[in-house]
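With the working numbering applied, the sequence shown covers 4 to 384.
From the three backbone atoms N, C-alpha and C, an ideal C-beta is built for every residue, glycine too.
All figures in this text were calculated on a predicted structure; none of them were measured in a lab.
Reviewing the structure listed below.
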Amino acid sequence: MSKPDLPRILIVDDEEAILETMTFTFMDLYEVLTTSDPTTAMSILDENQPVSVVITDQRMPGMTGAELLKEVYARYPETVRIILTGFADSEATIKAINDGHIYGYINKPWEPDELKSIVRRASELHALAIENRRLVDDLSDANLFLGAVMDRLRTGAIAIDRDGIVRAVNKPAISFIGLTDDVRGRSLDDVLSAQDLKELVEAVRALADESGGSFEEVDLGVGEGHRVRISNQALIDDAGELIGRVILFKEISHEPLTRYFEEIVGRISGTKGALRGELETAQASLSALGERVVNGNVESANMSELGERVSRTRTAIENWLDVDDALAQDEYPDAQLLRDRLNVASKRWPRSESPPPRVVDLSRAVEDYYETGENARVRVL
């Protein structure tokens, strides 16, 4: 009958009397598994994991205790191994201790209290090993999770300890600085100097003053077209002691281009009267802006997002102009197609909640034509 709350031990001995004695000794303290055939011990272990302790006799037919424990160690290194022997100083016992990484050996005949004490300590050692493995696995999982989260950020981050040694770096920082090797364990100064980023080295040093660096920001150029803003955040422990810093790199190459984009959109949205001329001018400006985004040698999430916004805005303007042309030039344009194109334009326009007044008039003209079939053939924009 299984005892799930008790540690599990396996006893291997070709003498049934010893198996019975040990079972009686440990039955109230452990879930006891036994076998008189050492060749079946591994299958018992496979089927009953976890097993805290294996206790085996050294001299058995078919397989020695040393051979068995060597195999146990190879497959289940956290299971603690104990050998029974009547020859404490024999070469076989020494070999078992060396090859099987034996925790302890017990001389025959043994003292019951000594036997219990050794097995108790062995069981506690196994529990500690399992807990340590769990903690290491949890820490590894947490580090993987934290690393994945850091890599998803648009801000580059390099964590250094109090001696300036790099302890962690995320993918955006690797991209901004142009790193190709694992820089963990190296000094930040050496890393940046090796990348020929003297200006960046000086900026980081200026931020990392004795007060902790807080949030002072510096703009600097990195590569053709790149601009990053760096800031320095001190890492303080519960006692208020400085344990390190995080250097943050925010890619800002897109910011002047984004401001220019918003100015173009703002002029269109703010036009109260005739809009066509403004739209045609905006199309030319947006085309040039899109080329700057694509050909600017800057790869970043912010630049990609700006490029997408420019493209969507150009689609909206193109649809407005084409619908206006269709109403003016065609006697009977496809009304549903016109409605569909205006719907697409509404979804592409970056300020869909407030389209320009003349676009509202254009939508109204299309709806009137859709309902009445009568087209005045005049430009609305």
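**Where glutamine 61 falls, given that 16 or more other Cβ within 10 Å makes a residue buried** = So glutamine 61 counts as buried.
**Chain-order list of residues whose beta-carbon lies under 7 Å from that of lysine 275 (same chain, five-residue window excluded)** = Cβ within range, chain order: Pro360.
**Asked** Which word fits threonine 261, buried or exposed, when buried means at least 16 other C-beta atoms lie within 10 angstroms of its C-beta?
**Response** So threonine 261 ends up on the buried side.
**Message:** So arginine 295 and serine 256 are supposed to be a Cβ contact under 8 Å. How far apart are they, rounded?
**Reply:** That belief does not hold up - the Cβ atoms of arginine 295 and serine 256 are roughly 10 Å apart, past 8 Å.
**Message:** Suppose contacts are defined by Cβ-Cβ distances below 8 Å. Is threonine 24 in contact with valine 35 by that definition?
**Reply:** No, these two residues do not count as a Cβ contact at 8 Å.
**Request:** Output the distance between the C-alpha atoms of glutamine 339 and tyrosine 373, rounded to the nearest integer angstrom.
**Result:** Using only the alpha carbons, I get a separation of about 7 Å.
**Message:** With three or more C-beta pairs closer than 8 Å as the rule, is the segment 159-171 touching the segment 113-132?
**Reply:** Cβ pair count under 8 Å is below three, so no.
**Request:** Using a threshold of 8 Å, state whether the C-beta atoms of valine 369 and arginine 342 are closer than that.
**Result:** Taking 8 Å as the Cβ cut-off, valine 369 and arginine 342 qualify as a contacting pair.
**Request:** Please name the residue in Leu309, Met306, Thr318, Tyr263 whose C-alpha comes closest to that of glutamate 283.
**Result:** Taking only the C-alpha atoms, the option nearest glutamate 283 is Thr318.
**Request:** Please confirm whether isoleucine 14 and leucine 22 have their CB atoms less than 8 Å apart.
**Result:** Contact flag set, yes.
**Request:** Using three-state DSSP, classify glycine 68 as helix, strand or coil.
**Result:** In the three-state scheme derived from DSSP, where H, G and I count as helix and E and B as strand, glycine 68 is classed as helix.
**Asked** Helix or strand or just coil, what does DSSP make of serine 256?
**Response** Serine 256: coil per DSSP, three-state reduction.
**Asked** Based on the DSSP output, what are the partners of serine 190 in its beta bridges?
**Response** Ile168.
**Message:** Quick check: the Cα distance between alanine 285 and leucine 278, rounded to an integer number of angstroms?
**Reply:** For alanine 285 and leucine 278, the distance between alpha carbons rounds to 10 Å.
**Request:** Look at the alpha carbon of alanine 44 and the alpha carbon of histidine 129, and state the distance between them as a whole number of angstroms.
**Result:** Taken atom to atom, the span from the alpha-carbon of alanine 44 to that of histidine 129 is near 19 Å.
**Asked** Could you give the distance in angstroms between the alpha-carbon of arginine 312 and the alpha-carbon of leucine 289?
**Response** As the crow flies, the alpha-carbon of arginine 312 is around 10 Å from that of leucine 289.
**Request:** Return the chain-ordered list of same chain residues with a C-beta closer than 7 Å to the C-beta of isoleucine 320, the five sequence neighbours on each side being excluded.
**Result:** The answer, listed in chain order, is Leu282, Ala285, Gln286.
**Message:** Considering only heavy atoms of the ligand NAP, does any lie closer than 7 Å to the CB of arginine 123?
**Reply:** Absent from the structure shown: the ligand NAP. Ligands present: none.
**Request:** Confirm, please, whether the CB-CB distance from glycine 273 to glycine 293 is below 8 Å.
**Result:** Not closer than 8 Å, so no.
**Asked** With distances taken from CA atoms, which of His104, Val268, Val249 is nearest threonine 158?
**Response** Out of His104, Val268, Val249, Val249 has the C-alpha closest to the C-alpha of threonine 158.
**Request:** Using only alpha-carbon positions, find the residue among Arg344, Asn298, Pro358, Asp333 that is nearest to alanine 379.
**Result:** When only C-alpha atoms are compared, the closest one is Asp333.
**Residue-level contact to chain D via CB, leucine 260, 8 Å cutoff** = No chain D is part of this structure, which consists of one protein chain only.
**Where glutamate 34 falls: helix, strand or coil (DSSP)** = The answer is strand: DSSP assigns glutamate 34 an E or B state.
**Request:** Can you give me the Cβ contacts of alanine 329 inside the same chain, cut-off strictly under 7 Å, excluding the 5 residues immediately before and after it?
**Result:** Beyond the five residues adjoining it in sequence on each side, alanine 329 comes within less than 7 Å, by CB distance, of Pro336, Leu341 in the same chain, given in chain order.
**Message:** Taking a contact to mean a Cβ-Cβ separation below 8 Å, would you say serine 126 touches proline 10 in this structure?
**Reply:** Yes.
**Asked** Within this structure, are the beta carbons of threonine 82 and serine 39 separated by less than 8 Å?
**Response** No, the pair does not count as a contact, with Cβ atoms beyond the cut-off.
**Message:** What does the Cβ neighbour count give for glycine 253, buried or exposed, with the cut at 16 atoms within 10 Å?
**Reply:** Sequence check: residue 253 is lysine here, not glycine. Per the 10 Å Cβ criterion, buried.
**Prompt:** Which partner residues does glutamine 236 have in the DSSP bridge list?
**Reply:** DSSP output for glutamine 236 lists Val249 as bridge partner(s).
**Rounded distance between the beta-carbons of arginine 351 and aspartate 325, thought under 8 Å** = Contact doesn't hold; Cβ gap of about 13 Å is too wide.
**Message:** Taking DSSP's pairing of strands, which residues face isoleucine 58 in a bridge?
**Reply:** Paired residue(s): Ile14, Ile85.
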